[in-house]
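S.K.: Position one of the sequence shown corresponds to residue 140 (the working numbering), numbered consecutively onward.
Glycine included, every Cβ here is placed at the ideal spot set by N, Cα and C.
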Amino acid sequence: MIKIALRNSAGLLNEFGPEALRACLSAMIPAFLIGYYYHLDYSVPFLIAAMNASMTDFPGRQKDKLLVARSGIFWTMTIALTVGVLLPYPIFLIVAVSAAAAIFTMFTALGKRIGMVGVTNLFMITFTMGLHPHDPLQFALFAGAGTAFYHLVSIIHSRLFPLWELKRALNICYLTSAQLLRVKAKYYVKDDPLNQIYKEAAQISIRLAEQHELIRYLLLQNKNTFQNETAYPLWIHAYQLIDLYSLATSVNRDYQEIRMELDQIGASKKVKALILAVADCVETTMHNQKNNSKDSYYIQQISRGIEDLEQINFRHNKSANEALIDVIENSTAFIQSRRLLEEGNEDHLVKAFYDRQIDYDSFITPVKSSIKDIWYHIHSYTPLSMFALRMAFLFLVGGIFGYILSEMKYTYWIFMTIIVVTRPTFSATVVRNIDRLTGTMIGLILGSLIVNLTTDIYYSILFAGILMFCFLIFNRRYYDISVAFITASVVVALNLTEHNIINISTNRLLFTCLGCGLSVLCWYLIPIRAGQKIDIIIKNVLQENNKFKEAVMDFLHLPNDQSHLNMRVARKKAFMSLTALSDSCFLTQKEPGLAKGYRKKIMNLHAHSYHYHELISSFLIENKADKNKSRCNTKSNERRFQKIKQLNGRISKDIANLNFKPTNESVTRNVSGGE
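1. Who are the near neighbours of E158 in its chain, counting only those whose CB is closer than 8 Å to its CB and skipping five residues on each side?
2. Could you name each continuous alpha helix (DSSP H) segment of 4 residues or more that falls completely within the stretch 593–676, going from the start of the chain to the end?
3. Quick check on N310: buried or exposed, where buried means 16 or more other Cβ atoms within 10 Å of its Cβ?
4. Taking its Cβ as the centre, do 16 or more other Cβ atoms sit within 10 Å of T593, making it buried, or is it exposed?
5. Could you give the DSSP three-state label for A240: helix, strand or coil?
6. If contacts are defined as beta-carbon pairs under 8 Å, then Y326 and I336 qualify, I think. What distance do you get, rounded to the angstrom?
7. Indicate the three-state DSSP secondary structure (helix, strand or coil) for L576 in the structure shown.
8. Do you know offhand how far I438's Cα is from V417's?
9. Can you tell me where the alpha helix (DSSP H) with F714 in it begins and where it stops?
10. Please confirm if the stretch 656–672 is in contact with the stretch 554–563, defined as three or more CB-CB distances below 8 Å between the two stretches.
11. Measuring straight from C-alpha to C-alpha, what distance separates L528 and G211?
12. Does R200 come out as helix, strand or coil in the three-state DSSP assignment?
13. Give me, in chain order, the residues of the same chain whose beta-carbon lies closer than 6 Å to that of M245; leave out the 5 immediate sequence neighbours on both sides.
14. Please report the distance separating the alpha-carbon of S524 from that of N260.
15. With distances taken from CA atoms, which of F650, M268, R647, T577 is nearest S621?
16. Is P229 helix, strand or coil by DSSP?
17. Roughly how many whole angstroms lie between the Cα atoms of I665 and G541?
18. How big is the Cα-Cα spacing for C724 and I673?
19. Tell me the DSSP secondary structure of F300 in three-state form.
20. Look at the alpha carbon of S435 and the alpha carbon of R477, and state the distance between them as a whole number of angstroms.
21. Using a Cβ distance threshold of 8 Å, determine whether the stretch 531–539 contacts the stretch 225–239, with at least three qualifying pairs required.
22. Note down, one range per segment and in chain order, each alpha helix (DSSP H) of at least 4 residues found wholly within the stretch 315–385.
23. Span of the alpha helix (DSSP H) holding G257?
24. Can you check which of these residues, L606, I600, F565, G582, is closest to T727 by C-alpha distance?
25. Could you give the C-beta distance for D465 and S757, rounded to a whole number, given that I count them as a contact under 8 Å?
26. Thinking C-alpha only, which one of Y176, A370, N334, A235 is nearest Q395?
27. Output needed for S818: all residues of its chain with C-beta closer than 8 Å, excluding positions within five of it in sequence on either side, in chain order.
28. Rounding to the nearest angstrom, what Cα-Cα distance links R355 and L380 in this structure?
29. Provide the residue span of the alpha helix (DSSP H) that contains P522, from first to last.
30. With a Cβ-Cβ cutoff of 9 Å, do F262 and M742 count as a contact?
31. One question on the structure: do A208 and L186 come within less than 9 Å of each other, judged by their Cβ atoms?
32. Could you tell me how far apart the beta carbons of I794 and L744 are, in whole angstroms, since I believe they sit closer than 8 Å?
33. Just to confirm, are D447 and K409 a CB contact at a threshold of 9 Å?
34. Under the three-state reduction of DSSP, which class applies to L797: helix, strand or coil?
35. Have a look at M268, K792, Q342 and flag the residue whose alpha-carbon is nearest the alpha-carbon of M715.
36. What is the C-beta distance between P272 and G223, in whole angstroms, given that I count them as a contact (C-beta under 8 Å)?
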């Protein structure tokens, strides 16, 4: 357990540490200098605005970063000035912030980047209300300066190191791929519960899909990666890294039967050890994208593991050992892939991509961003428009509570809680609420301990900065832990001026509970059901998997660059559709009002859809390994293809018998960003 915890912590530090450190230094150092040489009142808006800006800083092109920077600076200054001017007029302020909540929530329709600008705008409204600036104009200027400074640092950094974001994306993807392999290894141990393993694997697959999309985006949209000798090795890494997912998932999913078969021939533990060795080898690539001694060690471990399994398979040469053969073939394919990587060799298609000899637009997910998209969501009553309405209502109710409790100092924490815990779906909202409450309790205890530990102002500032850094590291993956750190940081920072830890802690807990309660209750008033579009998603998964199967058959029948490209595009689309299904299935499982039998059918379809995709991937890998198949392997292929055909029919029948609830056609548009 300690080894797993250390590995997870090291992974988080590697994944989010550099960005967290850059955000802290870019915000805190200038803010400290402003407070020291000018006035503390104006260092705070600079600090808050810079931290807000860090949340909108996604990897990408200079053009995208400049767009976000301009938008962020404009809205930060406008909000700070407007809210500051309206503070003496609470009724007008409540109406204004309620309308703003709806408008900024709708920003999600303009894409992920502008959508996050909308979220940070809501944070800026909340902080301005809480800080009560005496001079709104000067407050707005320093807030705008904080936003501008952070984006300036980010743009300069990307100019100086144009491939830094791509290298980090590759490293993170290696880490996530290793995590998936470690979860897959659990499938072969009979004591581990299968349902929990399925859930873990699907959740990691969702993250992998996002990371694959980011890598494609950074490779194909960045002119610095084409015909650049420094970038060429990254193309090979990206190409083979994305192939690794197929190797990791191309094994039959009927694991209950597989466990029994492998246990009978004494292969379970050896299979698990082999997969873990592959995972360790993948992780060493993350730390160093060149050959090293650890690589050689793990390759030897994998080779020995393959030999052991081949001996077991030779002693028990039965058709029931198909899963064992799959593991052997996939591990062998992985070693071959590693050798190509070490030698700098590549598939011909990589060179064609690198030299811009083929049309790669099909690999890039189109992103629509126009006012028409916002209008579409409004007049079609999509889930995003309903969520915007719910946010407006929550800000209205939160404002009324804040007005009633105006004698209390920290009522703005109601709005802060509403922003961070309210999600479109019931399941996500409940999980977020539990994480928020748990983290707040732990953070209050931690903050109180630090306050009692030291009264020195410089040590307190140091502790607050360290806690903020920890918050930024954990925020994107473990929200409950991140809440504990940010709560402790806030308690320590506020105690420097108020010197009343009891009042701070009581207010924090009271207004957090109030915001959490309102967010859950409001779901029942304006519900958004994740299950209302799941029929469309499931049918799309079957359609994309069938296209993937057809593309595989075409590629194996006539292997050339075009059929290879078509196969990879089809595989990408099938994978993306599966991750969308996983996301919807998990959100649907805890939704009120759905029958237990309906939920079970949905999860069965989810499992069968992944199984179908994995059988197709396995069929592809087995046929790519050797074009001249023996009679035995030909029979194995026939059995596998027959399974694919049977499973296709089973999924189609299950879809027809599911009795989906009526859905609005409008939900076919992408509103997942509102999540």
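M.R.: Walking through what the data contain:
1. S193, D196, L611
2. 596–613, 618–637, 640–664
3. buried
4. exposed
5. helix
6. 6 Å
7. helix
8. 8 Å
9. 700–728
10. yes
11. 23 Å
12. coil
13. I513, A527
14. 18 Å
15. T577
16. helix
17. 22 Å
18. 8 Å
19. coil
20. 10 Å
21. yes
22. 333–359
23. 251–270
24. F565
25. 6 Å
26. N334
27. This structure does not reach residue 818, given that the chain is present from 140 up to 814, and the question cannot be answered.
28. 11 Å
29. 522–543
30. no
31. no
32. 7 Å
33. yes
34. coil
35. Q342
36. 5 Å
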